[in-house]
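For the sequence shown, the numbering used here assigns the number 1 to the initial residue and increments by one for each residue that follows.
Positions of the beta carbon are idealized from the N, C-alpha and C atoms, including for glycine.
Only a predicted model underlies this, so the values are computations on that prediction, with no experimental measurement involved.
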Amino acid sequence: MVGPVVCCQPVLSKVMLIGQAPGGKEGQFGKPFAWTAGKTLFGWFGRLGLSEEQVRQRLYMAAVCRCFPGKQAGGGDRVPSPAEIDHCAAWLRAEIELLQPQLILPVGKLAIRQWLRADKLDQVIGRQFRVEAYGHAADLIPLPHPSGASTWHRTEPGIGLLAEALAAIERHPAWQAIRPND
Numbered sequence: 001m002v003g004p005v006v007c008c009q010p011v012l013s014k015v016m017l018i019g020q021a022p023g024g025k026e027g028q029f030g031k032p033f034a035w036t037a038g039k040t041l042f043g044w045f046g047r048l049g050l051s052e053e054q055v056r057q058r059l060y061m062a063a064v065c066r067c068f069p070g071k072q073a074g075g076g077d078r079v080p081s082p083a084e085i086d087h088c089a090a091w092l093r094a095e096i097e098l099l100q101p102q103l104i105l106p107v108g109k110l111a112i113r114q115w116l117r118a119d120k121l122d123q124v125i126g127r128q129f130r131v132e133a134y135g136h137a138a139d140l141i142p143l144p145h146p147s148g149a150s151t152w153h154r155t156e157p158g159i160g161l162l163a164e165a166l167a168a169i170e171r172h173p174a175w176q177a178i179r180p181n182d
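Next comes the structure, spelled out in structure tokens:
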């Protein structure tokens, strides 16, 4: 894995977003989702009434792995290995134990697979699950990875299932609690 460790600013929130690992640009910016995937992700949350700045101030952002895993041989970011995931697991566990989120938003297959077993995104995106996260019960609404390399969220059934996931997030009481007062 390639440093530096990237994590979010401390935010006391009942909504926790969990990504896979920082990308190659996040280290230089010192914040998660600071590049192309972030633009897409914050666009999704914009549809729910929160700007990027508001999301960063109101959601706690974590990752399964804390450092950029490096590039894979054919290009693109390398998926963290099981050993790397295990190495970082104590951080995610501690964050969940401290925050006790009511709503967890795993972004992408690796984050989703920390709680759900699904071979395809269309089996889990657009649905809400009740999960046990390190001894803490929480609602989980998976999101696809907003990577520019992925076409899943830009084609059907991804477009419709993403819309269903965003609607479920918007209805959730924990999300309602962080929305701006109109």
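Nearest candidate by alpha-carbon position, reference alanine 149, set Trp35, Glu95, Pro82: One-based indexing of the sequence shown puts residue 149 at position 149. Of all alpha-carbon atoms in Trp35, Glu95, Pro82, the one lying nearest the alpha-carbon of alanine 149 is that of Trp35.
Nearest-angstrom Cβ-Cβ length linking alanine 63 and glycine 126, presumed shorter than 8 Å: Here residue 63 corresponds to residue number 63 of the sequence shown, with the count starting at 1. Here residue 126 corresponds to residue number 126 of the sequence shown, with the count starting at 1. Contact between alanine 63 and glycine 126 does not hold, since their C-beta atoms are separated by about 23 Å, which reaches or exceeds 8 Å.
For cysteine 65 and proline 22, the rounded distance between their alpha carbons: The residue given as residue 22 occupies position 22 in the sequence shown. The residue given as residue 65 occupies position 65 in the sequence shown. Cα to Cα, proline 22 sits roughly 8 Å from cysteine 65.
In DSSP terms, what isoleucine 85 is bridged to: Position 85 of the sequence shown holds residue 85. According to the DSSP secondary-structure assignment, isoleucine 85 is paired through a beta bridge with no residue.
Among Ala137, Leu116, Ala167, Ala111, nearest to histidine 145 - alpha-carbon criterion: Your numbering for residue 145 matches position 145 in the sequence shown. When only C-alpha atoms are compared, the closest one is Ala111.
Segments of 3+ residues assigned as beta strand (DSSP E) that fall wholly inside the stretch 31-98: Taking only runs of at least 3 residues, the beta strand (DSSP E) segments lying wholly in the stretch 31-98 are 60-63.
Buried/exposed call for glutamate 132, threshold 16 Cβ in 10 Å: Residue numbering aside, residue 132 sits at position 132 when the sequence shown is read from its first letter. Exposed.
Euclidean distance between Cα positions of arginine 56 and aspartate 77: Counting from 1 along the sequence shown, the entry for residue 56 is found at position 56. Counting from 1 along the sequence shown, the entry for residue 77 is found at position 77. Looking at the backbone, the Cα of arginine 56 and that of aspartate 77 are separated by about 23 Å.
Other residues of its chain near proline 10: CB distance less than 6 Å, five sequence neighbours each side excluded: By 1-based counting over the sequence shown, the position of residue 10 is 10. Answer for proline 10: no residue qualifies.
For glutamate 156, the nearest candidate out of Glu97, Ser81, Asp122, Gly43 (CA to CA): The sequence position of residue 156 within the sequence shown is 156, counting from 1. With distances taken between Cα atoms, glutamate 156 lies closest to Asp122.
Contact between the stretch 28-47 and the stretch 89-97 (3+ Cβ pairs under 8 Å): Between the stretch 28-47 and the stretch 89-97 there are fewer than three C-beta pairs closer than 8 Å, too few to call the two in contact.
Closer than 8 Å to chain C by CB, tryptophan 115: Looking for chain C here will not work: only one protein chain is present.
Beta-carbon spacing of tyrosine 60, glutamate 97 below 8 Å: The count along the sequence shown starts at 1 and reaches residue 60 at position 60. The count along the sequence shown starts at 1 and reaches residue 97 at position 97. No; because the gap between Cβ atoms is not below 8 Å, this pair is not in contact.
Own chain residues within Cβ distance below 6 Å of phenylalanine 129, not counting five before or after: Your numbering for residue 129 matches position 129 in the sequence shown. Closer than 6 Å at Cβ, skipping near neighbours: Leu140.
Integer Cβ distance of arginine 47 from leucine 166, believed to fall under 8 Å: As a working note, residue 47 is residue 47 in the sequence shown. As a working note, residue 166 is residue 166 in the sequence shown. Right, their Cβ atoms sit about 6 Å apart.
Contact under 8 Å by Cβ, isoleucine 159 with serine 13: Residue mapping note: residue 159 aligns to position 159 of the sequence shown, counting from 1. Residue mapping note: residue 13 aligns to position 13 of the sequence shown, counting from 1. Cβ atoms of isoleucine 159 and serine 13: not closer than 8 Å.
Boundaries of the beta strand (DSSP E) in which glutamate 183 is found, first to last residue: Not covered by the structure: residue 183. The range shown for the chain is 1 to 182.
Three-state secondary structure assigned by DSSP to lysine 158: As a working note, residue 158 is residue 158 in the sequence shown. For the record, residue 158 in the displayed sequence is glycine; it is not lysine. When secondary structure is reduced to three states using DSSP, glycine 158 falls in the helix class.
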